[in-house]
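Working notes, beginning with the structure itself.
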Amino acid sequence: MDAKHIVRWTPKHLLLLCLCCCGSQLTAQEDAAKPPTITLTPAVIMVKAKPGQSFSQELTLWNNTINELQFHLDAVDVVVRDGRRVFVPAGELEGSIARYAVFTDNDVKALPGSSVSTTVTVTVPTSPGPRAIACIFQGKTVMGTTNSFAMTASLGSLVTFTVGDDFHLENQPLQVSVDPDAKMITFHELVKNTGSDPVIPKGVIAVTNERGALVARMPVAGKRLLPGESMEFTADHPGLPKTGKYKVMLLMQHESAFFSSSAEFSVK
Amino acid sequence: MIFAVSVLLVVPLAESLANAQCVPAVCALAISVQSDASGLALGGSGTAAASMSFGTMRAFGGTVPSGVTRTVTGSTWTISTPFDVQVTCSNLLTLLPCTLLLSPTFTLTAQLQSSDVTNTWKINSLALNSSTATTLVSAGSYGVASSYTFALTIPFAESPGIVSNTINFVAVAN
Numbered sequence: 034m035d036a037k038h039i040v041r042w043t044p045k046h047l048l049l050l051c052l053c054c055c056g057s058q059l060t061a062q063e064d065a066a067k068p069p070t071i072t073l074t075p076a077v078i079m080v081k082a083k084p085g086q087s088f089s090q091e092l093t094l095w096n097n098t099i100n101e102l103q104f105h106l107d108a109v110d111v112v113v114r115d116g117r118r119v120f121v122p123a124g125e126l127e128g129s130i131a132r133y134a135v136f137t138d139n140d141v142k143a144l145p146g147s148s149v150s151t152t153v154t155v156t157v158p159t160s161p162g163p164r165a166i167a168c169i170f171q172g173k174t175v176m177g178t179t180n181s182f183a184m185t186a187s188l189g190s191l192v193t194f195t196v197g198d199d200f201h202l203e204n205q206p207l208q209v210s211v212d213p214d215a216k217m218i219t220f221h222e223l224v225k226n227t228g229s230d231p232v233i234p235k236g237v238i239a240v241t242n243e244r245g246a247l248v249a250r251m252p253v254a255g256k257r258l259l260p261g262e263s264m265e266f267t268a269d270h271p272g273l274p275k276t277g278k279y280k281v282m283l284l285m286q287h288e289s290a291f292f293s294s295s296a297e298f299s300v301k
Numbered sequence: 157m158i159f160a161v162s163v164l165l166v167v168p169l170a171e172s173l174a175n176a177q178c179v180p181a182v183c184a185l186a187i188s189v190q191s192d193a194s195g196l197a198l199g200g201s202g203t204a205a206a207s208m209s210f211g212t213m214r215a216f217g218g219t220v221p222s223g224v225t226r227t228v229t230g231s232t233w234t235i236s237t238p239f240d241v242q243v244t245c246s247n248l249l250t251l252l253p254c255t256l257l258l259s260p261t262f263t264l265t266a267q268l269q270s271s272d273v274t275n276t277w278k279i280n281s282l283a284l285n286s287s288t289a290t291t292l293v294s295a296g297s298y299g300v301a302s303s304y305t306f307a308l309t310i311p312f313a314e315s316p317g318i319v320s321n322t323i324n325f326v327a328v329a330n
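For the record, the sequence lines run as chains U and E.
Take 34 as the starting number for the first sequence in the working numbering and just add one per residue.
Take 157 as the starting number for the second sequence in the working numbering and just add one per residue.
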């Protein structure tokens, strides 16, 4: 995230933050009543860095099960292959960032009903290839007997790196689907990250009638796109406007630019 | 509380430090493996460490546990059963949906813990191995107990004995 997008903390923000943190502690206590599972926080970390710079982040895993669980900390690179995110072992890719991830504890034990933390420190290599890593608490505790199949669930924090402020997107034409049976209009547009840094496009859709009057406006939720990744951005409009021709405009923004697309549709 | 404040106020102290932005107090990921209503009852269902016990099975005859399907071909036989994995993106403040945290979906992978060159292990028809993680879903929906089908294919040429392994699931927010 670029520095200009970072929130400027004021005393009011800090007060809100304290309230939030108190709330999180209370909620953590309430977790005891939730299903027995494991929880990792934070789930996502966005880092803006230059080659050679380092950052550190504490990762905390809550064990809400009745069993003592052991985990091995592992960092893997996250890249997009064939349209899917895949996790590649550290060091296999040229410019691997995961290779330079160091945990304060490589193996941790989480007691029942408690949490365990470790700090990961990552140094961005000179020529980083991928732009994301996953710091995984790899479950090592196996349940069951020798004649059963065990399944262990693990969690990872996604860490994205913005290195060169190289934000480029390609978007397909805006599509409109009118479903008279469901009385729903769906707007969707495929967007691909053609740059080398992660981007989070988001935007708004405006629908106008033949006279140019605004009929509807809907937000388009942001989604994170890693380099090479494509996603469809959609917005649903419940209900159909009255019969007529309409124009729809999608205005999106990302880290460094705005872009728009438009289409026309009719309701019969 | 002190930890959260210190993390949120990360600022570059020197040129060698990167600029990280995260909100640990409102961003957490949870996972559990559960029995599917039409599948084999799991040991440890609903937790992060579950197990499937098929008992003693054979290609022909014998007993097939409830929720398990046995399929026999010319040279192999397969046992399969559905199970559920649920991933939630819980907002510890319980105020904001995770979509506002720009992580509306998750990626789920599976990997065998030990190599098995004899039998074939699959989830949703995707073969698993011990060297790389197989991506089961690249845009999973939070809060939904999604059903996956586990399948183990055993060749007739294999000698009778115990087959066991561990499947490691990893969920990472998108």
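C-beta: ideal position from N, C-alpha, C; glycine also.
Treat the numbers as computed from the prediction; the structure is a model and nothing was measured.
For U/Lys83, there is no enclosing beta strand (DSSP E), as DSSP gives it neither H nor E. Within chain E, no residue has its CB atom less than 7 angstroms from the CB of U/Val224, the nearest being about 14 angstroms off. When only Cα atoms are considered, U/Ala167 and E/Val328 end up about 7 angstroms apart. Check the Cα spacing between E/Thr274 and each of E/Thr227, E/Gly211 and E/Ser231: the tightest is with E/Ser231.
The DSSP-derived three-state label of E/Tyr298 is coil.
Judged by DSSP in its simplified three-state form, U/Ala123 adopts coil rather than helix or strand. When C-beta atoms of the segment 211 to 227 of chain E are compared with those of the segment 111 to 118 of chain U, fewer than three pairs fall below 8 angstroms, so the two segments do not count as touching. Each residue's CA atom was taken as its position, placing E/Leu198 and E/Asn321 some 15 angstroms apart. U/Arg132 sits in a helix when the DSSP states are folded into three classes.
Closest in C-alpha terms to U/Val281, from the list U/Val253, U/Ser229, U/Leu207 and U/Met264, comes U/Leu207. For E/Arg226, the enclosing beta strand (DSSP E) has its first and last residue at Thr225 to Val228. A straight-line Cα-Cα distance of about 29 angstroms links E/Leu282 and U/Thr227. When C-beta atoms of the segment 93 to 101 of chain U are compared with those of the segment 311 to 319 of chain E, fewer than three pairs fall below 8 angstroms, so the two segments do not count as touching.
The alpha carbon of U/Pro231 has as its nearest neighbour, out of U/Lys275, U/Val196, U/Gly277 and U/Ala215, the alpha carbon of U/Val196.
Looking from the CA of U/Asn242, the closest CA among U/Asp269, U/Ser229 and U/Leu273 belongs to U/Leu273.
For the options U/Gly245, U/Ala268 and U/Phe194, the alpha carbon positioned closest to that of U/Pro252 is the one of U/Ala268. Listed in chain order, the beta strand (DSSP E) runs fully inside the segment 125 to 212 of chain U are 134 to 136, 140 to 143, 147 to 156, 165 to 172, 182 to 195, 202 to 204 and 208 to 212, counting runs of at least 3 residues.
Contact between U/Thr70 and E/Ala301 does not hold, since their C-beta atoms are separated by about 12 angstroms, which reaches or exceeds 8 angstroms.
For a Cβ distance threshold of 8 angstroms, residue set Val175, Phe182, Ala183, Met184 and Thr185 of chain U lies close to E/Thr322, ordered along the chain.
The beta-bridge partner set that DSSP reports for E/Pro311 consists of E/Thr232. By the Cβ-count criterion, U/Lys278 is exposed, with fewer than 16 other Cβ atoms from all chains shown falling within 10 Å of its own Cβ. Annotation: the continuous beta strand (DSSP E) that includes E/Gln190 extends over Ala184 to Ser191.
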